[in-house]
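Inspection log for the structure reproduced underneath, given as C-alpha cells.
2 protein chains.
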Amino acid sequence: MSRFWSPIVHALTPYVPGEQPKLTQLIKLNTNENPYGPSPKVLAAMQAELADTLRLYPDPNADKLKAAIAAYHDVSPAQVFVGNGSDEVLAHAFQALLKHNAPLLFPDITYSFYPVYCGLYGIDYRTVPLSDTLEIRGEDYRQDCGAIIFPNPNAPTGRLLPLAVIEALLDEHPDQVVVVDEAYIDFGGESAIPLVQRYPNLLVVQTLSKSRSLAGLRVGFAIGHPALIEALDRVKNSFNSYPLDRLAITGAVVSFEDEAYFQQTCQAVIASRETLSAALTELGFEVLPSAANFVFARHPKHDAATLAAALRERAIIVRHFRQTRIEQYLRISIGTDAECGALVSALKELVTG
Amino acid sequence: MSRFWSPIVHALTPYVPGEQPKLTQLIKLNTNENPYGPSPKVLAAMQAELADTLRLYPDPNADKLKAAIAAYHDVSPAQVFVGNGSDEVLAHAFQALLKHNAPLLFPDITYSFYPVYCGLYGIDYRTVPLSDTLEIRGEDYRQDCGAIIFPNPNAPTGRLLPLAVIEALLDEHPDQVVVVDEAYIDFGGESAIPLVQRYPNLLVVQTLSKSRSLAGLRVGFAIGHPALIEALDRVKNSFNSYPLDRLAITGAVVSFEDEAYFQQTCQAVIASRETLSAALTELGFEVLPSAANFVFARHPKHDAATLAAALRERAIIVRHFRQTRIEQYLRISIGTDAECGALVSALKELVTG
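Note that the protein sequences, when read in sequence, are chains A and B. Per this note's numbering: the first sequence = residues 1494 to 1846. Per this note's numbering: the second sequence = residues 1494 to 1846.
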C-alpha cells in the first residue's frame, strides 16, 4: 500500500503462474510446455536474425507474421492480431472487447487469469458452473451478458467442446463477443477459426507456446472479423508500438512454414497422452478425457496435495490448484515418454506402496 | 466503430511510431536507433540461448536481468522493474502510478505517447508549455497535480534538465509521483537514478533501445522505491506473466556486462552529434543544444516539411512533427559519420542550391 499508487492497484490480485524452477534436474510437468524443442528451421532462421540489425526497431505491425498466420489459417491479414504471448492478446481483448454494461461470462473452473484481467480493467463478470463431469454446457450460457470467454479445450480440465456447441452459442449471442481461447486446440481439437468468416462476434485466440514449442519466445495471436481486430490494434497501439521483437517475429513466421515438424511433434504428444492416461487409469486414477497437452486426474484414495508434494520430493513437479471442486485433481503436462514413465513409476510407489 | 467494442475503444487516438521502412537502402535517421550494432558479447550470449530450451517459459520475474541492472546502477533488485521496451514500462507506470484525482502534468512538447496512455487509462492531464527556448522550467510545475512525467533529455527537443532542477521538483511534490523518462540519458546527461535512494516519489525509466543498440529486442526498465516497483509488478502480473522472452533477458543481461563497448559507442554517437550540429549550424540551421542521440533543428528560410520531403526523395528519412510550435523543426537521429555526411551534403544542396 502506498499513497503513490493509482487507486485500482490496491485491489489487484495478480495472476500467479506455475513455478519456473531454476534447477534444471527436475522433471517439469507443471506449465504445459512442449517436451520437444521448436523446429530446427525456426532456430536456423532466428540465427540469421541475430545480427547488428537488432539495433533497429522491429516492424510495429509484424506484417510478415500476420501474413504467415493468415495464409496458414486461410483468412486475410486484416483478420489477424499478434501479441507478446496469448496472455497479452487476451489482456488487450479484455480491455478492447469484453467490457460492457452487462457481466462477462466464463466457467467457474477455467484459466485463472480471466478474473485477474477483469480486476485490472474493472470488468464485471459472472462465472458459470461446469457440469458435474466438469464440462462446459452451452445452454448454461443462455443468459443476459456483455460477452463470453472460455478456453477450448478448457483448462485445467482438458475437456473439449464440440464445434457445434460453439456455433449454437454464437447464434444465440449475435450482439455479444464470444472469445474462444484455443491455447491447446492443436492437440486433438477442432479450431473455431473457420467460423470467423460467418460470425462477426467470434474472436479465436491461439498461442505458439504449446503446440509450436515456443513458450520462451512469447508469441500469440487472435483471428476474427476486421472490426474486432481493429479494436485490438487500437488498444495495442495505445499501449506499446512494438510488442514483438525481431527474433520473435522471424521465429514465429518460420514455425508456420514447417508443417511436417509441427504435425510430428503434436502427434507424439497426443500418443504420449494416451499412454499416460491409460497408465494412470491402471493405477486407479480417474482421468478426464483430454484434448490438450496435459491430463487432469484424481485418485479416489489419495489426497492430491499430498501426492504433488511427494512427487516434488522425487524431483517431479506437477500443478495442483487449491480451488473448490478441483482440489483433489492434479494437472500433469505431457512430457517425453521417459518423463511420463518416471512419473508413472513414482506414482505407482505412492499409490500402491 | 462496432457494437462489439468496449466503450473506451471508440475514443482512442493511438500513437503513431516513426516509419519502419521495408526498404533497406534508405539512410534511416527517423527513429533514434543507434548506428552501431549491439555488443558482440550480447550476440554471442543470445546465440547460446537459441536452443531447444525455447520450448520453456522464461523466468516471469526476469530475476537475472533485475540483478544485472541493480548491480550496474547500485540499487537493490527490489528497486528494479523490467518490461517489453520502455513503452510497456511507461504504460504500466501510467496505469499503476499516474492516475489520481488531480491532473497529470507533462510538457506541451514532449513524447507524444503520453497523451495516448492517458486516453487508454482515462487519466486526466494538463500540459505545461515549454519556455520560448523550448526548455522545461521547473517552476512552471508548481501547481496542483496528481503526478508529473517528462523525458530528460526531453524529446523531440533533446534539451537536458539539470539534476538540481529535478531535485527541486521532487522536494516540491513530496506526495506526487515524478516519473523521469531517461530514454536518451546516456548520450551526455546525468541520470536521476541516484536520487531514488532519497526520494520515494521518484521513478526513473530507461531503455536498452538507444544507447545499448537493442531496439529490435524490446527491453526497458524502471528504477524507484520498492513501493513504486510493487505497483508496477502488480499491474504487470495482472496483464502478462512473461513479457520478456528468453533471448531478450539473456541479451539484456550481457549488455550491462560490456561496459567498454557501451562507452565506446555512446562516445562515438556524441562525437558525431557535435560534428553534425556544427555542420548544420554552418548551413544556417538553428540547432537546439542536444544531450540525446538526435538533434532538433530548423532553418529560418526553408520549410521543414518541404525539406523532409526533399530528403526522402534522396533516400534519407528524418522525422517531422506537424505540431504547433515545432512544425518548422526536423528531428534528425545521429547516424554513422558517413550517414551524417550524406545528410549534410543533401541539405547543403537544398538550402544553398
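Every residue gets a Cβ at the ideal spot worked out from N, C-alpha and C, and that includes glycine.
Give the DSSP-derived three-state secondary structure of residue i in the structure shown.
i          : result
A:Ser-1702 : coil
B:Ile-1616 : coil
A:Phe-1497 : coil
B:Pro-1687 : helix
A:Val-1621 : strand
A:His-1795 : strand
A:Lys-1559 : helix
A:Pro-1600 : strand
A:Leu-1656 : helix
B:Ile-1629 : coil
A:Lys-1592 : coil
A:Lys-1515 : coil
A:Leu-1840 : helix
B:Ala-1801 : helix
A:Glu-1581 : helix
B:Val-1746 : helix
A:Arg-1664 : Rather than Arg, the amino acid found at residue 1664 of chain A in this sequence is Asp. Residue state, collapsed to three classes: helix.
A:Asp-1830 : helix
A:Thr-1506 : coil
Can the beta-carbon of residue i be found closer than 9 angstroms to that of residue j?
i          : j          : result
A:Pro-1736 : B:Pro-1510 : no
A:Gly-1530 : B:Arg-1805 : no
A:Ile-1602 : A:Ile-1809 : no
B:Leu-1776 : B:Leu-1590 : no
B:Asn-1523 : B:Arg-1812 : yes
B:Phe-1814 : B:Ser-1605 : yes
A:Val-1672 : A:Ala-1724 : no
A:Val-1582 : A:Lys-1559 : no
A:Ser-1569 : A:Pro-1693 : no
Within 9 angstroms (strictly less), CB to CB, does residue i reach chain A?
i          : result
B:Tyr-1822 : no
B:Gln-1513 : yes
B:Thr-1829 : no
B:Phe-1778 : no
B:Arg-1548 : yes
B:Glu-1581 : yes
B:Asn-1733 : yes
B:Ser-1706 : yes
B:Ser-1624 : no
Would you list the residues sitting across from residue i in a DSSP beta bridge?
i          : result
A:Arg-1812 : A:Arg-1824
B:Ala-1715 : B:Phe-1574, B:Val-1698
B:Ala-1790 : B:Val-1780, B:Leu-1823
A:Asp-1674 : A:Pro-1644, A:Val-1698
B:Lys-1521 : B:Ile-1810
Can you find the residues in the same chain that come closer than 8 angstroms, C-beta to C-beta, to residue i, ignoring five residues on each side of it along the sequence?
i          : result
A:Asn-1786 : Asn-1525, Asn-1527, Tyr-1677, Phe-1680, Lys-1703, Ser-1704, Val-1762, Arg-1766, Ser-1826, Ile-1827
A:Thr-1768 : Asp-1830, Cys-1833
B:Ile-1520 : Ala-1808, Ile-1809, Ile-1810, Gly-1828, Glu-1832, Ala-1835, Leu-1836
A:Pro-1485 : Because chain A here runs from 1494 to 1846, residue 1485 of chain A falls outside it and cannot be looked at.
A:Cys-1638 : Ala-1595, Pro-1596, Leu-1597, Leu-1598, Arg-1619, His-1666, Gln-1669
Just checking: is the beta-carbon of residue i within a distance shorter than 9 angstroms of some beta-carbon in chain B?
i          : result
A:Tyr-1634 : no
A:Asp-1751 : no
A:Asn-1786 : no
A:Asp-1738 : yes
A:Phe-1574 : no
A:Ala-1460 : Because chain A is modelled from 1494 through 1846, residue 1460 of chain A falls outside the range shown and cannot be assessed.
A:Ile-1501 : yes
A:Lys-1592 : yes
A:Arg-1711 : yes
A:Tyr-1610 : yes
A:Tyr-1754 : no
Beta-carbon within less than 7 angstroms of residue i's beta-carbon, same chain only, minus the 5 sequence neighbours each way: which residues are those?
i          : result
B:Gly-1717 : Gln-1572, Val-1689, Leu-1695, Leu-1696, Val-1697
A:Gly-1651 : Leu-1781, Ser-1783, Ala-1784, Ala-1785, Phe-1787, Val-1788, Phe-1789
A:Ser-1624 : Arg-1630
A:Pro-1622 : Asp-1601
B:Ala-1550 : It is Tyr, not Ala, that sits at residue 1550 of chain B in the sequence shown. Within the same chain, B:Tyr-1550 has close Cβ partners Tyr-1735.
A:Arg-1711 : Asn-1577, Gly-1578, Ala-1741
Tell me which same chain residues have a C-beta within less than 6 angstroms of the C-beta of residue i, skipping the five on either side of it?
i          : result
B:Leu-1536 : none
A:Leu-1740 : Met-1539, Glu-1542
A:Pro-1649 : Phe-1789, Arg-1824
A:Ala-1561 : Val-1746, Phe-1749
A:Glu-1683 : Leu-1656
A:Gln-1588 : Tyr-1614, Val-1728
B:Cys-1611 : Tyr-1618
Does the beta-carbon of residue i, which I'm using as the reference point, lie nearer than 8 angstroms to any heavy atom of the ligand MG?
i          : result
B:Glu-1723 : The ligand MG is not among the ligands present in this structure, which contains no ligands whatsoever.
Taking Cβ positions only, does residue i come closer than 9 angstroms to chain E?
i          : result
A:Gln-1699 : As a matter of chain content, chain E is missing from the structure shown, whose protein chains are A and B.
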